[in-house]
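Student: Numbering (the numbering used here), first residue to last: 21 to 112. Yeah, the Cβ is synthetic: ideal placement off N, Cα and C, and Gly gets one too. Could you have a look at this structure, given as structure tokens, before my questions?
Right, here's the structure in full:
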């Protein structure tokens with residue numbers, strides 16, 4: 021593929037990740053990381069690959085934090101915690 025095609029694909033996958041599809045960021049990073057490390061790689065490709073990695077890591081940290089807070093604090097939230105729960109565990 022030409023450099024322009026790679027930049028176009030990387031750019032589309034990056035903006036797709038902004039549409040709440042963070043796995044596109046991970047795929048973009050994994051698929052194009054080696055290509056972006058070559059000396060002949062365009063700077064725009066490097067930019068989108070590294071932004072995709074940063075977005076994926078930020079999304080993972082945010083979701084992990086939310087899960088940890090939710091699991092540990094759901095019962096103390098009372099009715100509000102029950103309203104956002106899809107399946108309420110029996111006995112809790």
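#1: Taking 8 Å as the threshold, find out whether the segment 51–58 comes into contact with the segment 90–98 through three or more Cβ pairs.
#2: Taking only the alpha-carbon atoms, compute the straight-line gap between residue 25 and residue 31 and give it to the nearest angstrom.
#3: Identify which residue in 29, 41, 35, 92 has its Cα closest to the Cα of residue 80.
#4: Among 71, 63, 77, which has the Cα closest to the Cα of residue 35?
#5: Could you say which of 39, 91, 62, 84 lies nearest to residue 23 if we only look at CA atoms?
#6: State buried or exposed for residue 33, treating a residue as buried only when at least 16 other CB atoms are found within 10 Å of its CB.
#7: If you draw a straight line from the C-alpha of residue 65 to the C-alpha of residue 27, how long is it?
#8: Residue 26: beta carbon under 8 Å from a heavy atom of the ligand NAP?
#9: In chain order, what residues of the same chain have a beta carbon less than 7 Å from the beta carbon of residue 52, not counting five sequence neighbours either side?
Tutor: If we stick to the structure as given:
#1: no
#2: On the chain shown, residue 25 is found 5 positions in, with the first residue counted as 1. On the chain shown, residue 31 is found 11 positions in, with the first residue counted as 1. Whole-angstrom Cα-Cα distance: 10 Å.
#3: Taking the first residue of the chain shown as 1, we reach residue 80 at position 60. Looking at the Cα atoms, 41 is the closest of the given residues.
#4: Taking the first residue of the chain shown as position 1, residue 35 is located at position 15. The residue with the shortest Cα to Cα distance from residue 35 is 71.
#5: By one-based count along the chain shown, residue 23 stands at place 3. Ranking 39, 91, 62, 84 by Cα distance to residue 23 puts 62 first.
#6: Position 13 of the chain shown holds residue 33. It is buried - the Cβ of residue 33 has at least 16 other Cβ atoms within 10 Å.
#7: Your numbering for residue 65 matches position 45 in the chain shown. Your numbering for residue 27 matches position 7 in the chain shown. For residue 65 and residue 27, the distance between alpha carbons rounds to 5 Å.
#8: What this structure holds is no ligand at all, so the ligand NAP is not there to describe.
#9: For this step, residue 52 is matched to residue 32 along the chain shown. Once the five neighbours on either side are set aside, the close Cβ partners of residue 52 are 26, 30, 65, 69.
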